[in-house]
Each structure stands twice: as C-alpha cells, then as structure tokens.
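Residue numbers (the numbering used here), protein chains in the order written: chain X, 5 to 236; chain L, 1422 to 1710.
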Amino acid sequence: VTVNNSAAAADGRELRRLDKTDSVPKKNPSGDAALIFALREGTPAESEKAFEELMTRWQTPLFNFFKRLVWDYATAEDLTQEVFMRLYRHRADYEPQATLATYLFRIGRNCWVDYLRRMRRERKNMSLDENGWENHANDERNAINGGNHDRWRSERNEPAAEISRKELSESLARAINSLSDEHRLVFVLSAVQGLSYEETAAAARIPVGTVKSRMHHAVKLLRKKLSKMDDV
Amino acid sequence: MTFDVKETGKMNCLDFNDDLTAYAQGYLAEERTVAVKNHLDACANCRAELAEINTILESAKTLPETATPSDLRDKVRQRLVAGEPISALKPTILPSKHKHRSHSRYWLSAAAVVLLAVFLTTFIQTGPGAKKNNKEVLAMQLWKERSVAPSWRGSLNKLGAKLEAPDFKDLKELYLAPHAADRPHETCIYAFAEEDIQRLRKKARKPEDKAKVEKMLSSAKKVTIEDGGIFLPEKLAGLCFHSDFAHKRRLAVLKLEGRWEIWDASTLDNYLRTEPNLIPVDNRDADMK
Chain X
5 VTVNNSAAAA DGRELRRLDK TDSVPKKNPS GDAALIFALR EGTPAESEKA
55 FEELMTRWQT PLFNFFKRLV WDYATAEDLT QEVFMRLYRH RADYEPQATL
105 ATYLFRIGRN CWVDYLRRMR RERKNMSLDE NGWENHANDE RNAINGGNHD
155 RWRSERNEPA AEISRKELSE SLARAINSLS DEHRLVFVLS AVQGLSYEET
205 AAAARIPVGT VKSRMHHAVK LLRKKLSKMD DV
Chain L
1422 MTFDVKETGK MNCLDFNDDL TAYAQGYLAE ERTVAVKNHL DACANCRAEL
1472 AEINTILESA KTLPETATPS DLRDKVRQRL VAGEPISALK PTILPSKHKH
1522 RSHSRYWLSA AAVVLLAVFL TTFIQTGPGA KKNNKEVLAM QLWKERSVAP
1572 SWRGSLNKLG AKLEAPDFKD LKELYLAPHA ADRPHETCIY AFAEEDIQRL
1622 RKKARKPEDK AKVEKMLSSA KKVTIEDGGI FLPEKLAGLC FHSDFAHKRR
1672 LAVLKLEGRW EIWDASTLDN YLRTEPNLIP VDNRDADMK
C-alpha cells in the first residue's frame, strides 16, 4: 500500500499518506505492546498500572469513535467504559499479531453492534428524535467552536476561512450521522480514526475489498449530502 | 459499433471513479495508482472530483474531538471492582462463522466455561436428540433452556485448588457437604447457604429423605469466602459439584482462563450474555467420566 507522493506533489494535488505515524490512535504501537504485556503477564500492581495507562491513551479515540457512531454523549461514554471492561476481562485473549488499535476498535464495534441490537428491539426505529438531533448538533457546534455556546457571536472576529472550516466540520458531522450503520462504521474507522484498510477490515470484520467499496460509497454519499446542505 | 470521444471519456471516468477514494487515501496498489494518476492528468472532471474527496477526507481527519469525561476511568474501575456485568446489553448471538473455530483455538482464546447451578430436585436433561459432537451448539441450547428452567447439574473434578469467587455479593459463607453416599460412583458435593437449611429440611417429606438430608447436614462443612475465593476441603473433592440455594441464589462454577472460579450465577449469566468471545460449554460428560 503505497502512494507516489512526489508525483502527487508535482501534480499539485495534496495526497494524504496514511501510515503508522499518521493515524490518530496508533500513538505508540511498541508502547502499547509493552503495556499489553504488563497487563497480561505482570504482577497485580504492574497490571493495574498498565491498565491505567492504556485507558489514558485510548479513552479519547474510543470515546470520539463512539460519539461519531451513536451521536449521543452518554451512550458514547458507556460504550467506552465497556470496551475497557472487556479489554481487562479478556486481556488473555489479545492476539499479538493484531495491533491494539485493531483489537480495541473490534471490541468497540462489538459493543456498538450489541447496542444497536438492543436499541432496535426497544425502538423499532432508530431514527433520531428532534431533541436528540438538536442536542447533539449543539454539542457538535460547541466542540467545533471550542466550547463557545454562541456560535454567531464567535464568528464575528474570525476570518472567513476559519468560519468556512467550522461550517464544513459541522456539516460533515451531520452528514456522517446520516450514513447507514455499515458505511458510517467504515468511514469513521478509516477516515476519522485513520486506520488502514487492513486494520479497518479487521476491526469491522469485513474483507478489505468491502472496506474499499464502502469507503467509496460513503464518500460519494457524503459529497451528495454536503452539496445539498450547501444548496440550502 | 464505435464510441465518440465524449462517450469514451465517460467510460474511462466510470472505470476510475470507484478508485478515487482509495487513491486519495493512498491505499491503491502501485500499478493501479499509476493508472489513476494518468487518467487524472487527462481528466479535469475527475481532478475536480478528487479535490472534493480530499476536502472531505481532510475535514474528517480534523473533526474536533470531544474531551472524555474526567471520571471515565474511575467509573470503569468501579464497575470492574463491583464485578458488574457489561452494562445492560443484550446477549450477543454468535454468528455461525464463529462456530467453525478450531477446538484448540477455542480452548486457548475463549477458555472453557462450565456452568453448574442446581436445585435439589430438578436436573436439566439434555435430551436424547442432542448432538454430542457439537458442544458449542449443545451448550447454547442448554443455556437457552436454563433461562426457562434455571437448573443445572455439572461436575468438577479438579478440586483441591482455590476456587476464585469474583462476585458473591452478600454471601460470605457456604456449607459444603458430600452427597449421594448411596451412590459411591458419583461423589457429589452440595453447596448451600445457612438460609437454605430450613428449606432443605422442609422439602424432605418422606422419612428416608429426611434422614438423608440430616445426614448431609451433619457432615456439612462451613467454608468462608474470603480473599475472593474458597478453599475446598480436600475431603470434599469429588467429581460433582452441586449447589442448592434458594431461588435467586444460584451458583456457577466455571473454568475461566485455566482457573476454576465460583460465581454468583446471575452475575455470570449477564457476563456471558455480553461477552461474544465466551461460549458456555457443557463438558459434563467429559468431567463425569
């Protein structure tokens, strides 16, 4: 999996190269391996310390992963906790050939699938109610605006490019939420969390070819959604 | 039949369109990357499309992250210490493909889980039609039945070691007694709590049953659940392990990661329901031989 960066640069197009150092969650794969080893094989004190460190490292990527999937703060928090509980209880099951990112997001995917099943049983329809949408939209807006609750006031002193970027982020967040579950999962893993196609495939338990095709369709759908938002 | 230039151009675009996202992300094979690049050099439409794709991908990469709740780690610890099951999530139904795991991988990765929770008078039957060559399916079936009639009978032949008790809630002491002395081939142990003694006496109506119960009670040993486990008296080590608690208090003995553990059954129930990698396995036949 390579890309000809020099050709891309010469072409004037900005190609994004994704590799181990580029992706958000894989901060330090070797450090992760040491922590997992300590978690599994260390003394109780070492194991505790490693678990604490792993939670510190991974809570933000996992929480934001769930936030993009479930569109709800409390649920994202609950699912993040569940990933760590499963990691701890199944620490002996970790397969060293998989990166910790893959392993954690695969657990995350399982938690999310369980959550969807439960929700679908409870509410036949997974459509977001008006309040849920509005609350999250506000939450999203606040996050984008750095916690400023008054979006319009904050815009007054900002350059147009910055406003445009924030608007795009906000629109994209909404558009991602409108994707189907399967497309949203792949897009969030690959484009937002920065996992490679192979890692995304392993985490989502689908073939690499399916990742490629779902990414293509997800981006296509997002382009359509965003252009419609622009029209509005 | 011939295509005019415009039509041919469209065909070319369609050929490359599916690859643009992977190209933008850098995940196309080298040969294909060159082909797409060559097409892009000649096609303004696809260049514009690629620019849009890049905008979306870049924007996705820089979506703002929300800070995690400050007490998230504390909550995880609290839930683990409390032995809390994984939230209120419903059972994960194993897809059929998971049933094709090799047994060696299964034993290594998921560990063997044996569930035992038995009432005095009712033992579940597996049924003559049960497929013994497919233990996973059999176990799931038993598990399903158990939810209807929460009765299990199991066996344990590796006593002597400490049984871990991750979550016994308010149960601090257990009575353990050899049972079925009239069936020497099957040395059983009954486990019950103090509050169950009166119930056991009450249940035995026939004189011979009363005598049997009294004999069992007189030989019972009280063991304390301390430091998260129980040391079973060597004398009681045997093939079978039964529990006989009042309803709502069921005992589950399981082998988890190579270690025998004794759990409050309702805790285990929830745990198994939410853990896709754990499959309850009924290996009574193997243990009872």
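Beta carbons are placed, not taken as given, at the ideal position from N, Cα and C, and that holds for glycine.
**Message:** Does chain X have any CB closer than 8 Å to the CB of Asn1433(L)?
**Reply:** No, no contact with chain X.
**Item:** Proximity of Val190(X) and Ala222(X) at Cβ, strictly below 8 Å
**Value:** Taking 8 Å as the Cβ cut-off, Val190(X) and Ala222(X) qualify as a contacting pair.
**CA nearest to the CA of Thr64(X), picked from Thr1483(L), Ile1474(L) and Thr1487(L)** = Ranking Thr1483(L), Ile1474(L) and Thr1487(L) by CA distance to the CA of Thr64(X) puts Thr1487(L) first.
**Message:** Can you tell me where the alpha helix (DSSP H) holding Lys53(X) begins and where it ends?
**Reply:** Unbroken alpha helix (DSSP H) run through Lys53(X): Pro48 to Val74.
**Message:** Distance check for Arg227(X) and Ile40(X), CA to CA, integer angstroms please.
**Reply:** Taking the straight line from one Cα to the other gives about 40 Å.
**Prompt:** Once you ignore the five residues that flank Leu111(X) on each side, which residues in its own chain have a CB closer than 6 Å to its CB?
**Reply:** Rather than Leu, the amino acid found at residue 111(X) in this sequence is Ile. Contacts found: Val87 and Arg90.
**Prompt:** Which residues in the same chain have their Cβ closer than 6 Å to the Cβ of His140(X), if we skip the five residues on either side of it in sequence?
**Reply:** With a pLDDT of only 46 at His140(X), under 50, the local geometry of the prediction cannot be trusted, and no value is derived from it.
**Message:** For Ser1436(L), would you say it is in contact with chain X, using Cβ-to-Cβ distances shorter than 8 Å as the test?
**Reply:** This sequence places Asp at residue 1436(L); Ser is not what is there. When Cβ-Cβ separations below 8 Å define contact, Asp1436(L) makes no contact with chain X.
**Classification of Leu230(X) by the beta-carbon crowding that lies within 10 angstroms, buried from 16 upward** = Of the residues assessed, Leu230(X) falls on the buried side of the cut-off, its CB having 16 or more other CB atoms within 10 angstroms.
**Message:** So Arg227(X) contacts chain L; which residues on that side make the cut at Cβ distance below 7 Å?
**Reply:** Per Cβ cutoff of 7 Å: Glu1473 and Ile1477.
**Prompt:** Given that a residue counts as buried once 16 or more other Cβ atoms are within 10 Å of its Cβ, and exposed if not, what is Leu104(X)?
**Reply:** Buried is the call here.
**is_contact[Ser1491(L), chain X] using C-beta, thresh 8 Å** = For Ser1491(L), the answer is no, since every Cβ of chain X falls outside 8 Å of its Cβ.
**Request:** Within its chain, find whatever has a CB closer than 7 Å to the CB of Phe55(X); leave out the 5 residues flanking it on each side and keep chain order.
**Result:** Excluding sequence positions up to five before and after Phe55(X), its CB lies within less than 7 Å of the CB of Leu43 and Tyr92, all in the same chain and listed in chain order.
**Message:** Please return the same chain residues whose Cβ sits closer than 8 Å to the Cβ of Cys1467(L), not counting the five positions on each side in sequence.
**Reply:** So the list reads Cys1434, Phe1437, Asn1438, Leu1441, His1460 and Leu1461, once near-sequence residues are dropped.
**Request:** State yes or no: is the beta carbon of Ala205(X) nearer than 8 Å to at least one beta carbon in chain L?
**Result:** No, because no Cβ of chain L sits closer than 8 Å to the Cβ of Ala205(X).
**Prompt:** Which value, in whole angstroms, describes the spacing of the CA atoms of Gly136(X) and Lys224(X)?
**Reply:** In this predicted model, Gly136(X) has a pLDDT of only 39, less than 50, meaning its place in the structure is not dependable; the value taken from the coordinates is given anyway. Approximately 26 Å, taken between the alpha carbons.
**Prompt:** Anyone know if the C-beta pair for Ser173(X) and Pro1485(L) falls short of 8 Å?
**Reply:** Result yes, Cβ atoms of Ser173(X) and Pro1485(L) sit closer than 8 Å.
**Asked** Can the beta-carbon of Ala1450(L) be found less than 8 Å from the beta-carbon of Leu176(X)?
**Response** It is not a contact, given that the beta carbons lie outside the stated cut-off.
**Request:** Verify whether the separation of the beta carbon atoms of Val192(X) and Arg72(X) is less than 8 Å.
**Result:** Taking 8 Å as the Cβ cut-off, Val192(X) and Arg72(X) qualify as a contacting pair.
**Prompt:** Which first and last residues belong to the alpha helix (DSSP H) in which Tyr201(X) is found?
**Reply:** Segment Tyr201 to Ala208, the alpha helix (DSSP H) holding Tyr201(X).
**Item:** CB contact below 8 Å: Leu176(X) versus chain L
**Value:** True, the Cβ-Cβ gap to chain L drops below 8 Å.
**Prompt:** Roughly how many angstroms separate the alpha carbons of Gln85(X) and Thr79(X), rounded to a whole number?
**Reply:** Rounded to whole angstroms, Gln85(X) to Thr79(X) spans 10 Å at the Cα level.
**Backbone secondary structure at Gly35(X) - three-state DSSP** = Residue state, collapsed to three classes: helix.
**Message:** What residue range does the alpha helix (DSSP H) around Lys1627(L) cover?
**Reply:** No alpha helix (DSSP H) contains Lys1627(L), which DSSP labels as neither H nor E.
**Asked** What do you get for Glu203(X), buried or exposed, if any count of 16 or more other CB atoms within 10 angstroms of its CB means buried?
**Response** Flag for Glu203(X) reads buried.
**Asked** Do Ala1625(L) and Tyr1596(L) come within 8 Å of each other at the CB atom, strictly closer than that value?
**Response** 8 Å or more divides the Cβ of Tyr1596(L) from the Cβ of Ala1625(L).
**Request:** Check each candidate in Ala1503(L), Ala1472(L), Val1644(L) and Thr1483(L) and name the one with the smallest Cα separation from Glu1615(L).
**Result:** Looking at the Cα atoms, Val1644(L) is the closest of the given residues.
**Asked** If you compare alpha carbons, which of Asp1492(L), Val1497(L), Asp1630(L) and Gln1446(L) is closest to Glu1473(L)?
**Response** Closest option to Glu1473(L), Cα to Cα, is Gln1446(L).
**Request:** Using a Cβ cut-off of 8 Å (strictly closer), state whether Glu1452(L) contacts chain X.
**Result:** Answer no: the Cβ-Cβ gap between Glu1452(L) and chain X never drops below 8 Å.
**Request:** Pull up the CB-CB distance for Glu81(X) and Phe67(X), whole angstroms please, since I reckon it's below 8 Å.
**Result:** Right, their Cβ atoms sit about 7 Å apart.
**Message:** Please identify the residue among Gly198(X), Glu186(X) and Lys232(X) whose C-alpha is closest to the C-alpha of Pro211(X).
**Reply:** Scanning Gly198(X), Glu186(X) and Lys232(X) for the CA closest to the CA of Pro211(X) turns up Glu186(X).
**Message:** Among the candidates Tyr119(X), Tyr201(X), Met219(X) and Arg95(X), whose CA atom is the shortest distance from the CA of Leu108(X)?
**Reply:** With distances taken between CA atoms, Leu108(X) lies nearest to Arg95(X) out of Tyr119(X), Tyr201(X), Met219(X) and Arg95(X).
**Item:** Pair within 8 Å by beta-carbon distance, Thr106(X) and Ala38(X)
**Value:** In this structure, Thr106(X) keeps its C-beta atom at 8 Å or more from the C-beta atom of Ala38(X).
**Prompt:** Considering only the beta carbon of each residue, do Val1457(L) and Tyr1444(L) sit closer than 8 Å?
**Reply:** The answer is yes: Cβ separation under 8 Å.
**Asked** Looking at the unbroken alpha helix (DSSP H) that takes in Cys1464(L), where does it start and where does it end?
**Response** Run containing Cys1464(L): none; DSSP gives neither H nor E here.
**Prompt:** Starting from Ala80(X) and walking both ways along the alpha helix (DSSP H), at which residues does that stretch end?
**Reply:** Element bounds for Ala80(X): Tyr77 to Arg93.
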